[in-house]
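Asker: Protein chains in written order, with our numbering: chain A, 1 to 181; chain P, 1001 to 1181.
Mind having a look at this structure? Questions to follow.
2 protein chains.
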Amino acid sequence: MNAVLKDFSVARPKPRTAPRANQRHDHVHCIAAALATASSLCAARGARLTKLRRRVLEHVWNSHVPVGAYELLNRLRADGRRAAPPTIYRALAFLADEGLIHRIETRNAYIGCDFADRPHQAQYFICEQCGVAAEVDASDIHRRIAARADELGFVVSGHNVEVLGICCLCQQRRVHVGSRA
Amino acid sequence: MNAVLKDFSVARPKPRTAPRANQRHDHVHCIAAALATASSLCAARGARLTKLRRRVLEHVWNSHVPVGAYELLNRLRADGRRAAPPTIYRALAFLADEGLIHRIETRNAYIGCDFADRPHQAQYFICEQCGVAAEVDASDIHRRIAARADELGFVVSGHNVEVLGICCLCQQRRVHVGSRA
DNA sequence: GTCAATTGTGTTATACCATAACAAAACTAA
DNA sequence: TTAGTTTTGTTATGGTATAACACAATTGAC
Chain A
1 MNAVLKDFSV ARPKPRTAPR ANQRHDHVHC IAAALATASS LCAARGARLT KLRRRVLEHV
61 WNSHVPVGAY ELLNRLRADG RRAAPPTIYR ALAFLADEGL IHRIETRNAY IGCDFADRPH
121 QAQYFICEQC GVAAEVDASD IHRRIAARAD ELGFVVSGHN VEVLGICCLC QQRRVHVGSR
181 A
Chain P
1001 MNAVLKDFSV ARPKPRTAPR ANQRHDHVHC IAAALATASS LCAARGARLT KLRRRVLEHV
1061 WNSHVPVGAY ELLNRLRADG RRAAPPTIYR ALAFLADEGL IHRIETRNAY IGCDFADRPH
1121 QAQYFICEQC GVAAEVDASD IHRRIAARAD ELGFVVSGHN VEVLGICCLC QQRRVHVGSR
1181 A
């Protein structure tokens, strides 16, 4: 699964050192892999990944920037399909129920899930410059949250963790801009 | 500061044991303390906590359940004031800028900040039954997030952590309901 | 105090996000 | 094929948020 090979979470063997040159992943393959995973998961579960739902999922996976429902609607219409808001929201609801996408609350937008094939409690690191949201399944973060919940006597059913900041690629870009100025 | 003495985060010396009987905090004092803190902070900063803003803050502090903008608008109108959405949103923007309230993203709602008088990176534990959101400033959670960000080469500017589940008081209530059934 | 500049509030209109309710079409299983 | 189920289309509406501009209040210099 190459799902984590997104714009700024490419495998980085040397944390704490300056990020390497802009190293884009093979996004065509990235989409294909996500779609294949979705197909097999739905098949295994008896969930119906219809053409519409599949197309919406493709549009969501178009980039690693969370996309709004109405933008997806426009893309469906650009496909030549007649569609109104409920069309897109129902598709999104299905995809979310199947764990194929997540909603980014701070953006009112949706993004493909990198870990659809296994249960997880994801966290997102969202770049305020380029908009890319990188999903991470950090069990240590979840454990800290669970421990704190325990202290409060709080039974956790889920969590939403969205970290905002500047991704490593945009930092490089900023340095470039700065050095030019 | 008694800010953390909210419905389900009352001082609990014995974590991991069953929560004690419903022990409500003095909410009148709770509001008064929050308003006093807000006043002194704004005075110190030269920020103008006008009557309108103060009143909105009072309404936000009316309970520990996050409240929507339009509900606040209705409460302002109940005060006899003429108000439209921009009125409330501008007040909310001011209060958020001053760190006096937070927005709960998963609810599109607003809640008073318990740690307005110091810099912090808060987390919220939100009860899906009673709606109460308890703010926690758990540095361990923030450290884990920061560490993971570091691995990604991501520079954090802020984070939004909202944990969903059932609070200890609602668990008690459920047990009671269950034993009666 | 008066004035000009700034800041805050009122008002209208509108944009964006999301869902309810019902009809039509497509699929599924006899 | 037919009945039952699920999915999609359609219309209408509700909930959240902001743009743009006018007016009012406050501030600070004089």
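Don't be surprised by glycine CBs; every beta carbon is placed ideally from N, CA and C.
When the Cα of Ala147/A is compared with those of Ala1083/P, Val1136/P, His1029/P, which residue comes out closest?
Answerer: Val1136/P
Asker: Is there at least one Cβ from chain A nearer than 8 angstroms to Phe1094/P's Cβ?
Answerer: no
Asker: Quick one: give me the first and last residue of the beta strand (DSSP E) that Ala134/A is part of.
Answerer: 133 to 136
Asker: Can you check whether the CB of Leu1073/P is closer than 8 angstroms to the CB of Pro1086/P?
Answerer: no
Asker: Under three-state DSSP, which class holds Leu1164/P?
Answerer: strand
Asker: Report yes or no: do three or more beta-carbon pairs, one from the region 1087 to 1106 of chain P and one from the region 113 to 123 of chain A, lie closer than 8 angstroms?
Answerer: no
Asker: What first and last residue would you give for the beta strand (DSSP E) that runs through His1025/P?
Answerer: Secondary structure note for His1025/P: it is in no beta strand (DSSP E), with a DSSP letter that is neither H nor E.
Asker: Given Arg77/A, which residues of its chain have a CB within under 8 angstroms of its CB, disregarding the five upstream and five downstream residues?
Answerer: Non-local beta-carbon contacts of Arg77/A in its own chain, meaning distances under 8 angstroms to residues more than five positions away in sequence, involve Ala83 in chain order.
Asker: Quick one: is Arg1173/P near chain A, going by C-beta distance under 8 angstroms?
Answerer: no
Asker: Check whether the Cβ atoms of Val163/A and Gln123/A lie closer than 8 angstroms to each other.
Answerer: yes
Asker: Would you report the Cα separation of Val1060/P and Tyr1110/P, rounded to the nearest angstrom?
Answerer: 7 angstroms
Asker: Residues in the region 122 to 147 of chain A with C-beta within 7 angstroms of chain P's C-beta atoms, listed in sequence order?
Answerer: Phe125, Glu128, Ala134, Val136, Ala138, Asp140, Ile141, Arg144, Ile145
Asker: What residue from Leu35/A, Asn108/A, Ala138/A has the CA that sits closest to Val56/A's CA?
Answerer: Leu35/A
Asker: Let me see if you follow: with CB-CB separation under 8 angstroms, is His27/A close to chain P or not?
Answerer: no
Asker: Compare the C-alpha of His102/A against each of Leu152/A, Ala47/A, Cys130/A, Gly158/A and name the closest.
Answerer: Gly158/A
Asker: For chain P, find out if any of its Cβ atoms is closer than 8 angstroms to the Cβ of His159/A; answer yes or no.
Answerer: yes
Asker: Closest Cβ-Cβ distance between Asn1002/P and chain A: below 8 angstroms?
Answerer: Any reading at Asn1002/P is ruled out, since the residue's pLDDT is 40, under 50, leaving its predicted position unreliable.
Asker: Can you name the start and end residues of the alpha helix (DSSP H) that Ala1069/P belongs to?
Answerer: 1069 to 1078
Asker: With DSSP collapsed to three states, give me the class of Ala1109/P.
Answerer: In the structure shown, Ala1109/P sits in a strand (DSSP, three-state: E or B).
Asker: Is it buried or exposed, Lys14/A, if we count other Cβ atoms within 10 angstroms and call 16 or more buried?
Answerer: A caution first: Lys14/A carries a pLDDT of 36, below 50, which makes its placement in the model too unreliable to give a value.
Asker: Would DSSP call Val156/A helix, strand or coil?
Answerer: strand
Asker: How many Å lie between Ile1104/P and Glu1071/P at the Cα?
Answerer: The alpha-carbon of Ile1104/P is positioned some 15 angstroms away from that of Glu1071/P.
Asker: Using DSSP with H/G/I as helix, E/B as strand and the rest coil, what is Ala1003/P?
Answerer: Note that Ala1003/P has pLDDT 40, beneath the 50 cutoff, so the model's placement of it is unreliable and the number below is only indicative. Coil at Ala1003/P, not helix or strand.
Asker: Can you grab the Cα-Cα spacing for the pair Met1058/P / Leu52/A, in whole Å?
Answerer: The question names Met, but residue 1058/P in the sequence shown is Glu. Taking the straight line joining both Cα atoms gives about 47 angstroms.
Asker: Does the separation of the CB atoms of Ala1134/P and Pro1066/P fall below 8 angstroms?
Answerer: no
Asker: Look at Leu1195/P and Ser1039/P and say whether their C-beta atoms are less than 8 angstroms apart.
Answerer: Outside the shown range of chain P (1001 to 1181) lies residue 1195/P, about which nothing can therefore be said.
Asker: Give, in chain order, every residue of the region 54 to 70 of chain A whose Cβ lies closer than 9 angstroms to some Cβ of chain P.
Answerer: The residues in question: there are none.
Asker: In angstroms, rounded to a whole number, what distance separates the CA positions of Leu152/A and Cys1168/P?
Answerer: 7 angstroms
Asker: Per the DSSP calculation, Ile126/A is bridged to which residue(s)?
Answerer: Ala133/A, Leu164/A
Asker: Nearest chain P C-beta to Cys167/A closer than 8 angstroms, yes or no?
Answerer: yes
Asker: Cβ of Arg1081/P less than 8 angstroms from any chain A Cβ?
Answerer: no
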